[in-house]
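Just so we're aligned, residue 1138 is where the sequence shown starts under the numbering used here, counting upward by one.
Quick reminder that beta carbons are idealized off the backbone N, C-alpha and C, glycines included.
Written out below as structure tokens is the structure these notes cover.
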Amino acid sequence: MEARYFDGKTSRCHPVRLRAVPEGIEVAGIDWNRREPLARIRVSEPIGAAPRTLTFADGSYCEVAQGRELNALLTALGHRDRAVARWQKSWRLALGGVVFMATVLLAAYRWGLPWVAERTAPMIPPEAVTYLSQQVLKTVDGRILEPSALPLERQQTLTEGMRRIADSDPALTNGRLLFRSAPKVGPNAFALPDGQIVLFDELVALADNDEEVLGVLAHELAHVKFRHGLRQAIQSSVVGAVVASYFGDISVLLSGLTAVLLESKYSRGFEQEADDYGAALMRRNGMSADGLASMLEKMQRAHDKESPDSQSHADWLSSHPETAARIKHLRATR
Ligand SMILES: [Zn+2]
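Put into structure tokens, the structure is as follows:
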């Protein structure tokens, strides 16, 4: 390709031709030529459309117009612009950074968040836990929940049954059973973080015996013991929880908690833990986990019959595909 050659001593310009040769570059003038290894040539960085200079070790240099020809020559010489190299490096660095950050965030979400929730839930003062529980109940009473129509005698029997189970674990002394009806929701029960357990008439009606109901209550008591409600609420409203802790406003946690309890967003791990500890509580009180297993089965069937496609609000069926696995697990670990 054509270029303008300057000897570096005078301002005279010599028209030359440049060409790539095995050892570097060949500069050919009218009656002279020189070869220069690439290692001894300094190639200027591209600046706008200005000609680039190839400077040789002795101070002489060539001015070359930018364009396809020069690019082809530089490529043939194996030269790579530092800007390009930098850009490629920074691009790789940026991509690596993005991947790294995504991994960190994912890990934080997957492991860090539950870890934080597990440690912060016990730090919520008891008064706040009581307040949150009352507020959740107030939100759903009259809207989703109606007064129970269960005969007082049956209520007393079940209350005593749960009392016995709860008394077998000192951590569950706050356990209290509340009766409600929820025709729109169907058979269900849920635990408030302060230890109150809300049992629906529809679940009692579905059960064949008290042991089945008590199995469910033992499972709910386990949710209380391990603070699953608060932990799940913290996990699902972590940003809100951070804000709440800063400003002392726990309303964000409240909405998170209501959603967790009513839409049954417990993680599979929490359900598993509640099943296992619920079963242990039952055995400790001379009963088996079979009641819990058969209750799960009935609720699954009732749910399938009623709304095979819909997402149930029932705690028990939140992990719908896992229900069968839970039943199997409960039966296997009797
Ligand atoms: Zn549960």
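Any heavy atom of ligand 1 closer than 8 Å to the CB of residue 1407? On the sequence shown, position 270 is the one that residue 1407 refers to. Yes, the Cβ of residue 1407 comes within 8 Å of a heavy atom of ligand 1.
Distance, residue 1415 Cα to residue 1353 Cα: Within the sequence shown, numbered from 1, the residue matching residue 1353 stands at position 216. Within the sequence shown, numbered from 1, the residue matching residue 1415 stands at position 278. Going by the C-alpha atoms only, they are around 8 Å apart.
The alpha helix (DSSP H) that contains residue 1302, what's its start and end? By one-based count along the sequence shown, residue 1302 stands at place 165. Membership of residue 1302 in the alpha helix (DSSP H) is indicated by the continuous run 1289-1304.
Does ligand 1 have a heavy atom nearer than 8 Å to the CB of residue 1403? Your numbering for residue 1403 matches position 266 in the sequence shown. Because some heavy atom of ligand 1 lies under 8 Å away, the Cβ of residue 1403 counts as near it: yes.
Under the DSSP definition of a beta bridge, which residues are partnered with residue 1152? Start at 1 with the first residue of the sequence shown, and residue 1152 comes out as number 15. Answer is 1141, bridged to residue 1152.
Rounding to the nearest angstrom, what Cα-Cα distance links residue 1406 and residue 1459 in this structure? For the purposes of this step, residue 1406 is identified with residue 269 of the sequence shown, where counting begins at 1. For the purposes of this step, residue 1459 is identified with residue 322 of the sequence shown, where counting begins at 1. C-alpha separation (whole angstroms): 11 Å.
Does the beta-carbon of residue 1237 have 16 or more other beta-carbons within 10 angstroms, so that it is buried, or is it exposed? On the sequence shown, position 100 is the one that residue 1237 refers to. Exposed is the call here.
Thinking C-alpha only, which one of 1322, 1228, 1255 and 1292 is nearest residue 1280? Locating residue 1280 in the sequence shown gives position 143, where the first residue counts as 1. When only C-alpha atoms are compared, the closest one is 1322.
Between the Cα of residue 1348 and the Cα atoms of 1312, 1141 and 1297, which residue gives the shortest distance? To locate residue 1348, count along the sequence shown from 1; it is residue 211. The shortest Cα separation from residue 1348 among 1312, 1141 and 1297 belongs to 1297.
With contact counted as at least three CB pairs below 8 Å, one residue from each stretch, are the region 1357-1369 and the region 1308-1320 in contact? yes
6 Å CB neighbourhood of residue 1144 in its chain, flanking five on each side removed: Indexing the sequence shown from 1 puts residue 1144 at position 7. These residues qualify, in order along the chain: 1197.
Give the list of continuous alpha helix (DSSP H) stretches no shorter than 4 residues that lie fully inside the region 1397-1440. Here the runs fully enclosed are 1405-1421.
Output needed for residue 1177: all residues of its chain with C-beta closer than 8 Å, excluding positions within five of it in sequence on either side, in chain order. As a position in the sequence shown, residue 1177 is number 40, starting the count at 1. Only 1161, 1193 and 1194 meet the Cβ criterion.
Within 9 Å, strictly: CB atoms of residue 1366 and residue 1328: Mapped onto the sequence shown, residue 1366 falls at position 229. Mapped onto the sequence shown, residue 1328 falls at position 191. Cβ atoms of residue 1366 and residue 1328: closer than 9 Å.
Taking 8 Å as the cut-off, does the CB of residue 1466 come closer than this to any heavy atom belonging to ligand 1? Indexing the sequence shown from 1 puts residue 1466 at position 329. Because no heavy atom of ligand 1 lies under 8 Å away, the Cβ of residue 1466 does not count as near it: no.
With 16 other CB atoms within 10 Å as the buried threshold, where does residue 1184 fall? Locating residue 1184 in the sequence shown gives position 47, counting from the first residue. Exposed.
Coarse secondary structure for residue 1450, derived from DSSP in three states: The count along the sequence shown starts at 1 and reaches residue 1450 at position 313. Because residue 1450 sits at a pLDDT of 48, beneath the cut-off of 50, its placement in the model cannot be relied upon, and the point is left open.
With a floor of 3 residues, list each beta strand (DSSP E) that falls wholly inside the region 1153-1233, ordered by position along the chain. Those beta strand (DSSP E) runs which fall completely within the region 1153-1233 and span 3+ residues are 1161-1165, 1170-1174, 1189-1192 and 1198-1201.
Based on the DSSP output, what are the partners of residue 1334 in its beta bridges? Along the sequence shown, one-based indexing puts residue 1334 at 197. Partner(s): 1314 and 1328.
How about residue 1370: is its Cβ closer than 8 Å to a heavy atom in ligand 1? For the purposes of this step, residue 1370 is taken as the residue at position 233 of the sequence shown. No, Cβ of residue 1370 sits at least 8 Å from all heavy atoms of ligand 1.
Heavy atom of ligand 1 less than 8 Å from the Cβ of residue 1440, yes or no? Taking the sequence shown and counting its residues from 1, one reaches residue 1440 at position 303. No, the Cβ of residue 1440 stays beyond 8 Å of every heavy atom of ligand 1.
Using 10 angstroms around the beta-carbon of residue 1345, count the other beta-carbons present and answer buried if the total reaches 16, otherwise exposed. Working through the sequence shown from its first residue, we reach residue 1345 at position 208. Counting Cβ neighbours within 10 Å, residue 1345 comes out exposed, since fewer than 16 surround it.
So which of 1299, 1207 and 1175 has the shortest CA-CA distance to residue 1186? What you label residue 1186 is simply residue 49 of the sequence shown in a count that begins at 1. When each option's Cα is compared against that of residue 1186, the closest is 1207.
Tell me whether residue 1411, by its Cβ, gets closer than 8 Å to a heavy atom of ligand 1. Counting from one through the sequence shown, the residue named residue 1411 turns up at place 274. Residue side-chain check: residue 1411 places its Cβ nearer than 8 Å to a non-hydrogen atom of ligand 1.
Closest by CA to residue 1156, which one among 1209, 1189, 1265 and 1168? Looking up residue 1156 in the sequence shown gives position 19. Checking every option, the nearest Cα to that of residue 1156 belongs to 1209.
Would you report the Cα separation of residue 1200 and residue 1179, rounded to the nearest angstrom? For the purposes of this step, residue 1200 is taken as residue 63 along the sequence shown, with counting starting at 1. For the purposes of this step, residue 1179 is taken as residue 42 along the sequence shown, with counting starting at 1. Using only the alpha carbons, I get a separation of about 12 Å.
Please list, in chain order, all residues of the same chain as residue 1447 whose beta carbon is under 7 Å from its beta carbon, the five residues on each side excluded. Residue mapping note: residue 1447 aligns to position 310 of the sequence shown, counting from 1. With a pLDDT of 48 at residue 1447, under the threshold of 50, the modelled position of this residue cannot be trusted; read the value that follows with caution. Around residue 1447: no qualifying Cβ.
Beta-ladder partner(s) of residue 1282, from DSSP: Position 145 of the sequence shown, counted from the first residue, corresponds to residue 1282. Residue pairing for residue 1282: DSSP places it in a beta bridge opposite 1278.
Does residue 1303 pass the burial test, meaning 16 or more other C-beta atoms within 10 Å, or should it be called exposed? Position 166 of the sequence shown holds residue 1303. Looking at its Cβ environment, which holds 16 or more other Cβ atoms inside 10 Å, residue 1303 is buried.
From 1355, 1338 and 1172, pick the residue whose C-alpha is nearest to that of residue 1153; which is it? One-based indexing of the sequence shown puts residue 1153 at position 16. Nearest of 1355, 1338 and 1172 to residue 1153, Cα basis: 1172.
Please specify which runs of the alpha helix (DSSP H), each continuous and at least 4 residues long, are wholly inside the region 1235-1263, giving them in chain order. 1250-1257
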